[in-house]
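> Per our numbering, the very first residue in the sequence shown carries number 28; after that it's consecutive. Every residue, glycine too, gets a C-beta built ideally from N, C-alpha and C. Because the structure is a prediction, the values reported are computed rather than measured.
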Amino acid sequence: MRLTAVKLYQYAVLALAAYLFLTAAFDHYDSFLRPQLILLLLLYLLVESIQIPLGSGYGSLTYGVTLATMMLFGPHVAAPLLTIAVVVAPLIKRRFRGTLLHLFNGAQHAVSAFAAYGVFLWLGGGATRLTGLGETLDYLILLPMTLTYMLMNHLLVQIFFILRRDEVTPRDFLRIFVSDSMNFLICLPFAVFILAFDGDAPSLLLMMIPLVLFGQVMKLYRKIKLTHKAHEVVHRLQSEFDLQNISRTITESVRKLTPSVSAALWVIEDERVKPVWIDGKQHPELMPQEGYCLSAGSITSLAVKSKQVESVPNTLKDKRITEKYEEFKSFLAVPLKARDKVVGVLTCYGARTYAFTEEQIELITVLAAQVGVLIENASLYRELQEASLRDPGTGLYNYRYFYQELSRRFELAKAEVRPMSIAILDIDHFKKYNDTYGHVVGDEVLRQVAQVIQKNVGKQGVVARYGGEEFALLLDVPLVEAEGIVEGIRSELHFHKFQYQGYTVQGVTVSVGVASYPDHDQNEKELLEKADQAMYWGAKQRGRDKVAIYTPDLDTHLFVDKLTGLYTYHYLRIKLVEELMTQSRESGESFAMIFLNIAEFTKINRTFGFEVGNMVLREVAVLIKENVRHDEIAARYGGDEFMLLVPRVSRDEALRIQERLQKAISCHKFKVGDNVLVRVVSRADVIVFPDDVSEGQQLVSRIAEMFLRLSSSWLEQQQKA
Numbered sequence: 028m029r030l031t032a033v034k035l036y037q038y039a040v041l042a043l044a045a046y047l048f049l050t051a052a053f054d055h056y057d058s059f060l061r062p063q064l065i066l067l068l069l070l071y072l073l074v075e076s077i078q079i080p081l082g083s084g085y086g087s088l089t090y091g092v093t094l095a096t097m098m099l100f101g102p103h104v105a106a107p108l109l110t111i112a113v114v115v116a117p118l119i120k121r122r123f124r125g126t127l128l129h130l131f132n133g134a135q136h137a138v139s140a141f142a143a144y145g146v147f148l149w150l151g152g153g154a155t156r157l158t159g160l161g162e163t164l165d166y167l168i169l170l171p172m173t174l175t176y177m178l179m180n181h182l183l184v185q186i187f188f189i190l191r192r193d194e195v196t197p198r199d200f201l202r203i204f205v206s207d208s209m210n211f212l213i214c215l216p217f218a219v220f221i222l223a224f225d226g227d228a229p230s231l232l233l234m235m236i237p238l239v240l241f242g243q244v245m246k247l248y249r250k251i252k253l254t255h256k257a258h259e260v261v262h263r264l265q266s267e268f269d270l271q272n273i274s275r276t277i278t279e280s281v282r283k284l285t286p287s288v289s290a291a292l293w294v295i296e297d298e299r300v301k302p303v304w305i306d307g308k309q310h311p312e313l314m315p316q317e318g319y320c321l322s323a324g325s326i327t328s329l330a331v332k333s334k335q336v337e338s339v340p341n342t343l344k345d346k347r348i349t350e351k352y353e354e355f356k357s358f359l360a361v362p363l364k365a366r367d368k369v370v371g372v373l374t375c376y377g378a379r380t381y382a383f384t385e386e387q388i389e390l391i392t393v394l395a396a397q398v399g400v401l402i403e404n405a406s407l408y409r410e411l412q413e414a415s416l417r418d419p420g421t422g423l424y425n426y427r428y429f430y431q432e433l434s435r436r437f438e439l440a441k442a443e444v445r446p447m448s449i450a451i452l453d454i455d456h457f458k459k460y461n462d463t464y465g466h467v468v469g470d471e472v473l474r475q476v477a478q479v480i481q482k483n484v485g486k487q488g489v490v491a492r493y494g495g496e497e498f499a500l501l502l503d504v505p506l507v508e509a510e511g512i513v514e515g516i517r518s519e520l521h522f523h524k525f526q527y528q529g530y531t532v533q534g535v536t537v538s539v540g541v542a543s544y545p546d547h548d549q550n551e552k553e554l555l556e557k558a559d560q561a562m563y564w565g566a567k568q569r570g571r572d573k574v575a576i577y578t579p580d581l582d583t584h585l586f587v588d589k590l591t592g593l594y595t596y597h598y599l600r601i602k603l604v605e606e607l608m609t610q611s612r613e614s615g616e617s618f619a620m621i622f623l624n625i626a627e628f629t630k631i632n633r634t635f636g637f638e639v640g641n642m643v644l645r646e647v648a649v650l651i652k653e654n655v656r657h658d659e660i661a662a663r664y665g666g667d668e669f670m671l672l673v674p675r676v677s678r679d680e681a682l683r684i685q686e687r688l689q690k691a692i693s694c695h696k697f698k699v700g701d702n703v704l705v706r707v708v709s710r711a712d713v714i715v716f717p718d719d720v721s722e723g724q725q726l727v728s729r730i731a732e733m734f735l736r737l738s739s740s741w742l743e744q745q746q747k748a
């Protein structure tokens, strides 16, 4: 029904133009015998083909020829010449959009010309012949004629748009009106120039020569101007590596440089073309967020396969377009290539048919060639950045990324008033797997554990390797859901068979601690500490292979080891990361960490029992306390392993402290019975910050490795090797 109304209106305007022409031509048929008309027609075709840049759009000198022709020969001559030019010029420029549409365009210009000439007669213009130079005031009558022509032209076109249900906002209308006003004002001097020479044939012929040159200059000017703008856009993006920003800038620029009502940039991922950014009108079915499969028959996919520009001037008639969308009548898909490989597609959508000229398609193609390189650079940068934030052994994020995400997600959770949870997961007795199967199998266990964790967490959070055999989970879920996720991980790992190079490892268990915001704390560092606390005291110290939720009663175990009275490892880590690291960087002074364990401690437990073993640990702790200064921190790491944090020392000083501790332990008489004395031997090693490691988290991650190297089983394995 809508198309019928549009066609009826077009035919009505055509009929009105024909009536006005025939009525006037019947009385002035001799006007068509003048030889100048052939030259005027050529002049019409020439000026209609030359586009003059006007602000964001283009104009032409066609109205100037129309105005001069009306003054010289009347509207009945100007109207048919104008109509022929409007219909034929698009054929010359290869921009023909349908016979009826171009005939209507010519007819509405003809009706506007008759209306303008009617005003001319109404104002008494019939008594004045505007030829030669004449009186300047006589030419002022051209102003109301021009205003009438422009208003009638806009009225007829706006009715057409309304019937066709085109979306023309008041802002669009004002922009077009201002642009047309400028165009008509430019045409007035041109019309006066033709009238000044009385429209004689030699003058018209001579006029065409500079016009042809002018047209070529304007064409070259437009091309240079648009190319310069395109290169400006690319130049601005040379140091940009964010794909979203690149896509937004490119699509916005394409809409400014072309008549696109919408532009989208797509990239190729997993055998699909997926949209990164859509600027302007959006259509969910035409621009699905999941993209298109490359094997599908879409024009976008076809551009990827062919590596060529795919242009659809009229989507309503093109058989390749299976679904028609009235708001997008022309379409352009330009492949984005880098080193002859298609990395994406730039698509443009026009509101009218034949919206994109060859010049504009060439411009977008030039722009696309640069954009392909930008996308490839952004992808490489993203891959490098991703690699720097990944743990190479497991493929998970590393501690650096974990702390960044912890701060970001915690602030986001507080701003959006929603819960989040932290879980710390530690593999139980991990040294046993290294000692029994070797480090290669141990590394494979870590990798497969990471896979199980990542699979269960999915998109609900972030998984990172926290250090050694520890993993940290940031979960965007409340406590109950977080507990369910980590319990699923624990259960799956318990029954999982780890197979690698002929070895089968099963029965791997983990201890997990969970703390949640806002249930347990309002500070992200404290929340992380409480999750760690729940893992160590709530799960590992209560039998392992379990999930523990933080409770306040675990606070008593946070800083002081119950057996030895030394500080706990958790307390030492707080001091290390939050205080000593900062002090060392500010002062430039180094500090040392001394690692110490009891050699053959398992034999003491086996021979004399666990009570004697605990007594030995308590007395070793006393010896350590007696040999430390007030600013040194002694802590029990776990089992028979002790640590000493010594600020402001060199490596030589740290080695002397280590030697003093080992000598005190070896010289001490450990009484285990009435007449039984045990001689205890210790092993020790030193790390100096920042000489050996440059970051606090690197130092934390080295702790487990240092104690492993001091263990009896590891030393025996190295001796055999």
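Would DSSP call residue 46 helix, strand or coil?
It is helical.
> So what does DSSP say about residue 314, is it helix, strand or coil?
DSSP places residue 314 in coil when its eight states are reduced to three.
> In its own chain, which residues sit with a C-beta less than 7 Å from the C-beta of residue 677, not counting the 5 before and 5 after it?
Counting only Cβ-Cβ distances below 7 Å, and skipping sequence neighbours, we find 617.
> Which term fits residue 88, buried or exposed, when burial requires 16 or more other beta carbons within 10 angstroms of its beta carbon?
Residue 88 is buried by the Cβ-count criterion.
> Does the Cβ-Cβ distance between residue 333 and residue 319 come in under 9 Å?
No, the pair does not count as a contact, with Cβ atoms beyond the cut-off.
> Closer than 7 Å by C-beta to residue 473: which residues in its own chain qualify, once you throw out the five before and the five after it? Chain order, please.
For residue 473, where only same-chain residues beyond five positions count, the Cβ hits under 7 Å are 420, 421 and 496.
> Which of helix, strand or coil does DSSP assign to residue 442?
Residue 442: helix per DSSP, three-state reduction.
> Can you tell me whether residue 686 is buried or exposed, with buried defined as 16 or more other CB within 10 angstroms of its CB?
With fewer than 16 Cβ atoms within 10 Å of its Cβ, residue 686 is classed as exposed.
> May I have the straight-line CA-CA distance separating residue 664 from residue 363, to the nearest angstrom?
Between residue 664 and residue 363, the C-alpha separation is close to 56 Å.
> Along the beta strand (DSSP E) that carries residue 564, what are the first and last residues, could you check?
Note, residue 564: premise wrong, no beta strand (DSSP E); not H, not E.
> For residue 22, which residues from the same chain have a beta carbon less than 8 Å from its beta carbon, with the 5 sequence-adjacent residues on both sides left out?
Nothing can be reported for residue 22: it is not among the residues displayed for the chain, which extend from 28 to 748.
> Taking DSSP's pairing of strands, which residues face residue 527 in a bridge?
Residue 527 pairs with 530.
> Smallest Cα separation from residue 252: which of 268, 278, 285 and 275?
Residue 252 has its Cα closest to that of 285, out of 268, 278, 285 and 275.
> Is the number of C-beta pairs between the region 692 to 710 and the region 587 to 600 that are closer than 8 Å three or more?
Verdict: no, contact absent.
> Excluding the five sequence neighbours on either side, which residues of its own chain have a C-beta within less than 7 Å of the C-beta of residue 546, listed in chain order?
Answer for residue 546: 506, listed in chain order.
> With distance defined between alpha-carbon atoms, name the residue in 323, 138 and 385 nearest to residue 117.
Minimum Cα distance to residue 117 is reached at 385.
> Tell me, to the nearest whole angstrom, how far the beta carbon of residue 134 is from that of residue 40; I am working on the premise that it is less than 8 Å.
5 Å between Cβ atoms; contact.
> Taking the beta strand (DSSP E) that residue 288 falls in, what are its first and last residues?
287 to 296 is the span of the beta strand (DSSP E), which, as asked, contains residue 288.
> For a test of the three-state rule: what should DSSP assign to residue 578, helix, strand or coil?
Three-state DSSP puts residue 578 in coil, outside helix and strand.
> Would you list the residues sitting across from residue 716 in a DSSP beta bridge?
Beta-bridge pairing links residue 716 to 618.
> Could you tell me which whole beta strand (DSSP E) segments of length 3 or greater appear in the region 426 to 479?
Here the runs fully enclosed are 447 to 454.
> Please report how far the alpha carbon of residue 99 lies from the alpha carbon of residue 149, in whole angstroms.
Each residue's Cα considered, the two are about 18 Å apart.
> Could you tell me whether the region 272 to 292 touches the region 397 to 405, where touching means 3 or more Cβ pairs closer than 8 Å?
With a cut-off of 8 Å, the region 397 to 405 and the region 272 to 292 count as touching, because enough Cβ pairs lie within range.
> For the pair the region 359 to 379 and the region 283 to 301, tell me if three or more CB-CB distances fall below 8 Å.
Verdict: yes, contact present.
> Kindly list the residues whose CB is nearer than 6 Å to the CB of residue 138, restricted to its own chain and excluding five residues on each side of it in sequence; keep chain order.
Correct list, in chain order: 43 and 44.
> Bridge partners of residue 302, per DSSP?
Beta-bridge pairing links residue 302 to 293.
> What did DSSP end up calling residue 252 once you bin it into helix, strand or coil?
Residue 252: helix per DSSP, three-state reduction.
> For a test of the three-state rule: what should DSSP assign to residue 339, helix, strand or coil?
Reduced to three states, the DSSP call for residue 339 is strand.
> Do residue 731 and residue 494 have their beta-carbon atoms positioned less than 9 Å apart in this structure?
Against a cut-off of 9 Å, the Cβ pair of residue 731 and residue 494 comes out as a contact.
> Look at the alpha carbon of residue 627 and the alpha carbon of residue 406, and state the distance between them as a whole number of angstroms.
For residue 627 and residue 406, the distance between alpha carbons rounds to 53 Å.
> Output yes or no for whether 9 Å exceeds the beta carbon distance between residue 103 and residue 114.
It is not a contact, given that the beta carbons lie outside the stated cut-off.
> Among 679, 706 and 298, which residue has its Cα nearest to the Cα of residue 317?
Per the Cα distances, 298.
> Taking buried to mean at least 16 other C-beta atoms within 10 Å of its own C-beta, is residue 189 buried or exposed?
So residue 189 ends up on the exposed side.
> Using a Cβ-Cβ cut-off of 7 Å (strictly less than) and excluding sequence neighbours within five positions of residue 345, which residues of its own chain qualify?
The answer, listed in chain order, is 339.
> Which stretch, first to last residue, makes up the alpha helix (DSSP H) that contains residue 364?
Here residue 364 belongs to no alpha helix (DSSP H); instead the beta strand (DSSP E) covers 357 to 365.
> Keeping to the same chain, check which residues put their C-beta closer than 7 Å to that of residue 679; ignore five residues upstream and five downstream.
Answer for residue 679: no residue qualifies.
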